[in-house]
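Structure first, commentary second.
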Amino acid sequence: MPPEHLQSPQPTLSPADPDAPVEPGTADYAPSGVDRSLIRWMLELTPLERLQVIQDQVNAIQEFKASIDTH
Amino acid sequence: MIRTDFRKILGALLDHDVEFILVGALSAVFQGAPVMTVDVDIVHLRTEANIAALLQALSELDAYFRGHGDRRLVPGASHLASNEHQLLSTCFGPLDLLGTIEHGLAFEDLLSDSIDFDLNGNPLHTLSIAKYVELKEASKRPKDQARLPVLRETLRLINSPKKSDD
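As given, the protein sequences belong to chains A and B, one line each in that order.
So for the first sequence, this note's numbering puts the first residue at 135; every next one is plus one.
So for the second sequence, this note's numbering puts the first residue at 1075; every next one is plus one.
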């Protein structure tokens, strides 16, 4: 194990109050394990930007799959 | 390879004045849920005039029933008038036409639970995430159960008062 000062900080669950402010560097997971920071990030986008995010992911996966299939 | 374009599918439907409600995972994406999906799910109004408009839009999208190999079976008016699900491929990706969804709910039943987003100047009726969660909570399907935690948390964050540090 590397020395303590070289170890990555371990993610910790956010406070029990789901709406409590989250310290920077603290992973913001709901008790269910859902990544709240990802939802907050999506909520900052416009509806059409959200659509574009998912569409780009679908196309990226399809292109990746096609590149594998051709090899 | 088909390049998925949700916006073009929805745009074609709106351009032909098709009355429909966007449902399924994409409706949740519009409202901020970080969930993946590869298809567009809609519940359409099953009147004669709307079915005619929908058929025109489907023709423009080169829609056919998916899963039949090289056979290009094209949906007809009788298919679109039924309460069943028509699973189609289009030139911009998969499109599912749902006559009804859970509990036999049809377009008319769901309209009051939809919210409108602007798409190219047209109102896009979208099933509210609150109703979507309600419907999926009643579902026993593993696929629906797996997605519920993200949907519930998205709904909770939408409804939670905004913090000063947000």
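Positions of the beta carbon are idealized from the N, C-alpha and C atoms, including for glycine.
In this text, all values refer to a predicted model and were calculated from it rather than measured experimentally.
### Query
What alpha helix (DSSP H) runs, 4 residues minimum, are completely inside the segment 1115-1154 of chain B?
Taken in chain order, the unbroken stretches of alpha helix (DSSP H) that lie wholly in the segment 1115-1154 of chain B and span 4 residues or more are 1122-1134.
#### Entry: Close-in-space but distant-in-sequence residues of the same chain around A1155 of chain B (CB under 7 Å, 5 per side omitted)
Result list for A1155 of chain B: R1120, I1125, in chain order.
### Message
Check for me: the alpha helix (DSSP H) holding I202 of chain A runs from which residue to which?
### Response
Run containing I202 of chain A: 181-203, per the alpha helix (DSSP H) assignment.
### Same chain, Cβ closer than 8 Å to V1207 of chain B, five either side skipped, listed in chain order
Within the same chain, and ignoring the five residues on either side of V1207 of chain B in sequence, the residues whose Cβ sits closer than 8 Å to its Cβ are L1222, L1225, R1226, L1229.
### Message
Just to confirm before moving on: does the CB-CB distance between D1136 of chain B and T1111 of chain B stay below 8 Å?
### Response
No, these two residues do not count as a Cβ contact at 8 Å.
### Message
Which residue marks the beginning of the alpha helix (DSSP H) containing D1218 of chain B, and which one marks its end?
### Response
Per DSSP, D1218 of chain B is one residue of the alpha helix (DSSP H) stretching across 1216-1233.
### Task
Measure how close the beta-carbons of E1176 of chain B and A1212 of chain B come, nearest whole angstrom, since I'm counting them as under 8 Å.
Right, the Cβ-Cβ distance comes to about 7 Å (below 8 Å), so this counts as a contact.
### Query
Rounded to a whole number of angstroms, what is the C-alpha to C-alpha distance between V1097 of chain B and E178 of chain A?
Whole-angstrom Cα-Cα distance: 22 Å.
### Query
Short check: CB of L1162 of chain B to CB of L1169 of chain B, under 8 Å?
At the C-beta level, L1162 of chain B and L1169 of chain B come within 8 Å of one another.
#### Entry: Alpha carbon of N1233 of chain B to alpha carbon of V192 of chain A, nearest angstrom
Their backbone Cα atoms lie some 29 Å apart in a straight line.
### Assigned secondary structure, H1090 of chain B (DSSP; H/G/I helix, E/B strand, else coil)
In the structure shown, H1090 of chain B sits in coil (DSSP, three-state: anything other than H, G, I, E or B).
### Query
According to the Cβ coordinates, are D1115 of chain B and L1193 of chain B closer than 8 Å?
Going by C-beta atoms, D1115 of chain B is not nearer than 8 Å to L1193 of chain B.
### Interface flag, I202 of chain A vs chain B, CB-CB below 8 Å
No, its Cβ sits nowhere closer than 8 Å to a Cβ of chain B.
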